[in-house]
Amino acid sequence: MSDVVPPQSPSSEPASSLVTTTTPTTGAELFADRKDVVVVRVFAADDADGELWDLDRALPAGVRVEPVTIQEPDGLMVLRHSAAHVLAQAVQQVNPDAKLGIGPPVRDGFYYDFDTATPFTPEDLKALDKAMSRIIREGQTFRRRVVTEEEARAELAAEPYKLELIGIKGHAEGTEGADVEVGGAELTIYDNVRGAGRESETVVWKDLCRGPHLPSTRLIGQGVQLMRSAAAYWRGDQANASLQRVYGTAWPSKDELKAYLERLAEAERRDHRKIGVEQDLFSFHPSIGSGLPLIHPRGGVIKRVMEDYVRQRHIEEGFSYVGTPHITKEELFYTSGHLPYYGDTMFPAMEFHDDDHPDAPAQKYRLKAMNCPMHNLIYSSRGRSYRELPIRLFEFGTVYRYEKGGVVQGLTRVRGLTQDDSHSYVMPEQAADEVKHLLNFMLSVLRDFGLNDFYLELSTRDDSKPDKFVGSDEDWANATALLEKVGRESGLDLVPDPGGAAFYGPKISVQAKDALGRTWQMGTVQYDFNQPARFGLEYTAPDGSRQQPVMIHSAKFGSIERFMGVLIEHYAGAFPAWLAPVQVLAVPVAEAFDGYLKDVVAQLTARGIRAEVDLSDDRFAKKIRNASKDKVPFVLIAGGEDAAAGAVSFRYRDGRQENGVPVAEAVERIVAAVRDRVQV
RNA sequence: GCCUCCUUGGCGCAAUAGGUAGCGCAUCCGCCUUGUAAGCGGAGGGCUGCGGGUUCGAGUCCCGCAGGAGGCUCCA
755 MSDVVPPQSP SSEPASSLVT TTTPTTGAEL FADRKDVVVV RVFAADDADG ELWDLDRALP
815 AGVRVEPVTI QEPDGLMVLR HSAAHVLAQA VQQVNPDAKL GIGPPVRDGF YYDFDTATPF
875 TPEDLKALDK AMSRIIREGQ TFRRRVVTEE EARAELAAEP YKLELIGIKG HAEGTEGADV
935 EVGGAELTIY DNVRGAGRES ETVVWKDLCR GPHLPSTRLI GQGVQLMRSA AAYWRGDQAN
995 ASLQRVYGTA WPSKDELKAY LERLAEAERR DHRKIGVEQD LFSFHPSIGS GLPLIHPRGG
1055 VIKRVMEDYV RQRHIEEGFS YVGTPHITKE ELFYTSGHLP YYGDTMFPAM EFHDDDHPDA
1115 PAQKYRLKAM NCPMHNLIYS SRGRSYRELP IRLFEFGTVY RYEKGGVVQG LTRVRGLTQD
1175 DSHSYVMPEQ AADEVKHLLN FMLSVLRDFG LNDFYLELST RDDSKPDKFV GSDEDWANAT
1235 ALLEKVGRES GLDLVPDPGG AAFYGPKISV QAKDALGRTW QMGTVQYDFN QPARFGLEYT
1295 APDGSRQQPV MIHSAKFGSI ERFMGVLIEH YAGAFPAWLA PVQVLAVPVA EAFDGYLKDV
1355 VAQLTARGIR AEVDLSDDRF AKKIRNASKD KVPFVLIAGG EDAAAGAVSF RYRDGRQENG
1415 VPVAEAVERI VAAVRDRVQV
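Going by my numbering, the first sequence wraps up at 1434, each residue one higher than the last.
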């Protein structure tokens, strides 16, 4: 998930708040009666998007001006950017030697990069938090001042990074965050003024910045908190200096800050790594290596149910289940073209020497990093007729990728993963329908797992880096157009992702929102016109000619491990019954009812339900507590009253209770909930 | 891969300023048991991630390695 703020759409403020200036004025004057206005959006003659200006900045006559409040996205960005400035001021207060990098707003907050001799410690952050609140309470004025390049260079002589930004002004696009500093048409410096308007007013700090800012630091308020520090490369380039980045969060009010911190806490409670340990689902062991998960029995149930379901669905959708090896001679990946592009993220080759032929060159084998080449070999294992197409091959292909140490994380980024991978081989004229078929199939699979909020991302070639992609411009254009058309027809939002394509073709990926509103990349559909050529795939057309099929890659939920991690977080470990490791836990009120519940559980087991009786010598209340902590969907309780009535009592995870349900009805209800894959 | 921080029994934590490791849960063994989130008692379990170093003495300080977290870069 990206931390960078997505481009904001123009304000949704009603048009009635738009005013046109008749005389020179300022935003502050125009909206003097509106305390919630923090900046204005100014529309020049032919400017549809407008530009954000400080309230105090002089407005010429004849421009359209719209108020921007702190509650709307642009206002929030201004708040956060202003908070970043306060952070920078605080840092230089504490450490005058700190050199300033850039300080843009990001999702939920801001950061500022500094070059300091020593990294920030948690104690430093606390001290900075205090210094920031002092500056905020002081109510310093942000005062904008236009400078020439020469003036800027002179004033910022001690700030090497700012000088560099001045140098790249004009071609700053593509430099992360840099346009926040120098993106405007002219260079500006913001002075932080103490006691503005009084004779004693003093400039206490200044920074090169495009702005705009809140009128006063006081408006930043109580909703600011520094979160963490981390290293970041200057201008995002590994070849550059490593700076110390301080992240903070900023909200219009203390309450909103608290709500945000609560959301973070909830995300932490749901962290699949934590729940994975608590519920004994999976683990990682240093002696195996990072990124290579061990799935425990309870996690194994979830994995198996996922696999059984997806395998069945593929077969229903016309796929053939196949199997391929985990290692191969590396030549295969030269044929496919993967090795030259991704060799450094594949595990290194294993070399085998033939003892009987000591002079023969060693055979190099590679762990499989992708399944498609092997599926191609299945396709080409005999002649294919157009009558057979589409041919759809599917498997749970376990692949190994040498992810860099710093990116391996829980189940969501691993070095060994199992893809629900399929390849459809079609005639070119079938391609659009097949893409549509795969997309709909994928969405229906995700919906059955309880994800319902999607958008699509269209990953295309980066035309400026031709060496990263193979194939003709025409092929790319056709394939991209086809994916885009199908994507648009899906009715879902289609977000462009320039440069995100695989080397062999463009792709559509499904992004799903989870219960906390976070988006995860799920499956993909990739259009490949390269591998069929490289493998010489062909089919016999109706006229007897040999034609090349189009190959369409698709993974529905991507990797089983990753999707399991996403589901754990989506459900916070409280799985719907069909996925739950234990679906029913029967809890006797006292030992005397063990036998009664064993009989109920036997009836459930006979219907394929994963049910157990808690026969431990814990007392009743403790058993209820254990069942709650395990988040078992159905807890069935039986004591004297239930047994006498031939009934059981349901207890659900939210504490809801339903007493005296006849056993036969209880069984049917549970069976139905599992069958219908509903959450209970 | 790079930067910062972290690593104490299965899990969650504690151990003043270096003085020789404790608690809760879980586990095991007893006793107890009739209605909705912890019954009681006892026992076992740790070369404090690994390897060096400083010191009379290291969980505490220093170096290296591994693993983890966050971030940067990357992600077929």
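Glycine residues also receive a C-beta, built at the ideal position from the N, C-alpha and C atoms.
(request) Check whether the Cβ atoms of F1388 and A1356 lie closer than 9 Å to each other. (result) no
(message) What does the alpha-carbon distance come out to for the pair F864 and T775?
(response) 33 Å
(message) Measuring straight from C-alpha to C-alpha, what distance separates S1044 and G1097?
(response) 20 Å
(request) Could you name the residues of the same chain whose beta carbon sits closer than 6 Å to that of V1367, not counting the 5 residues immediately before and after it, in chain order? (result) A1340, L1351, K1352, V1355
(request) Tell me, to the nearest whole angstrom, how far the beta carbon of G857 is from that of L879; I am working on the premise that it is less than 8 Å. (result) Contact doesn't hold; Cβ gap of about 15 Å is too wide.
(request) Please specify which runs of the alpha helix (DSSP H), each continuous and at least 4 residues long, are wholly inside the region 1180 to 1237, giving them in chain order. (result) 1185 to 1202
(request) Per DSSP, which residues does K1118 bridge with? Please list them. (result) E1105
(message) Looking only at its chain, what residues have a beta carbon closer than 8 Å to the beta carbon of P1079, apart from the 5 residues adjacent to it on each side?
(response) K1122, M1128
(request) Report the rounded CA-to-CA distance for P1220 versus K1158, giving the unit in angstroms. (result) 25 Å
(request) Could you pull the start and end residues of the alpha helix (DSSP H) that S1135 belongs to? (result) Careful: S1135 lies outside any alpha helix (DSSP H) and carries neither H nor E.
(request) Would you identify the three-state DSSP class for A1013, choosing helix, strand or coil? (result) helix
(request) Quick one: which unbroken alpha helix (DSSP H) runs of 4-plus residues sit fully inside the region 1349 to 1421? Chain order, please. (result) 1374 to 1384, 1394 to 1399
(request) Give the DSSP-derived three-state secondary structure of N1130 in the structure shown. (result) helix
(message) Check for me: the beta strand (DSSP E) holding P821 runs from which residue to which?
(response) 818 to 823
(request) Please look up how many angstroms separate the CB atoms of I1029 and I1322, rounded, as I've assumed it's under 8 Å. (result) 5 Å
(message) Within 10 Å of its beta-carbon, does F1106 have 16 or more other beta-carbons around it, so buried, or fewer, so exposed?
(response) exposed
(message) Using 8 Å for Cβ pairs, my map puts A1004 next to L833. What's the rounded Cβ distance?
(response) 6 Å
(request) Could you please give me the residues that DSSP links to P1342 through a beta bridge? (result) A1392
(request) Consult DSSP for E930 and reduce its assignment to one of helix, strand or coil. (result) Low confidence applies to E930: its pLDDT is 43, below 50, so where it sits in the model is not reliable enough to give any reading.
(request) Evaluate the contact criterion for the region 1192 to 1202 versus the region 1280 to 1300: three or more CB pairs, one atom per stretch, below 8 Å. (result) no
(message) Applying the 10 Å Cβ sphere with the 16-neighbour rule, what's the burial state of T902?
(response) exposed
(request) Could you spell out the range, first to last residue, of the alpha helix (DSSP H) harbouring M831? (result) 827 to 848
(message) By the DSSP assignment, the beta strand (DSSP E) with S1244 in it spans what residues?
(response) Premise fails: S1244 is in no beta strand (DSSP E) and is neither H nor E.
(message) Using only the alpha-carbon positions, how far apart do V1338 and I1363 sit?
(response) 8 Å
(message) Taking the straight line between their C-alpha atoms, what separation do you get for A1344 and R1407?
(response) 21 Å
(request) Sort M1100, L1011, P1112, V958 by Cα distance to Y1119 and report the nearest one. (result) M1100
(message) Does L772 come out as helix, strand or coil in the three-state DSSP assignment?
(response) coil
(request) Could you tell me which of R1017, Q1163, E1211, P1047 sits nearest to G1170, measuring between CA atoms? (result) P1047
(request) State the Cα-Cα distance for the pair I1081 and K1377, rounded to the nearest angstrom. (result) 48 Å
(message) Assuming contact is defined by CB atoms lying nearer than 9 Å, are Y1209 and V1264 in contact in what I supplied?
(response) yes
(request) Below 7 Å CB to CB, which residues in the same chain sit around R1300 once its five sequence neighbours on both sides are set aside? (result) E1292, T1294
(request) Can you have a look at L968 and say buried or exposed, based on whether 16 or more other CB atoms are within 10 angstroms of its CB? (result) buried
(request) Report the rounded CA-to-CA distance for R1155 versus Y1075, giving the unit in angstroms. (result) 23 Å
(request) Could you tell me how far apart the beta carbons of D869 and A852 are, in whole angstroms, since I believe they sit closer than 8 Å? (result) 7 Å
(request) Thinking P1250 and T1214 are a contact (beta carbons under 8 Å), I'd like their distance in whole angstroms, please. (result) 7 Å
(message) Tell me which residue opens and which closes the beta strand (DSSP E) that A986 is part of.
(response) 978 to 987
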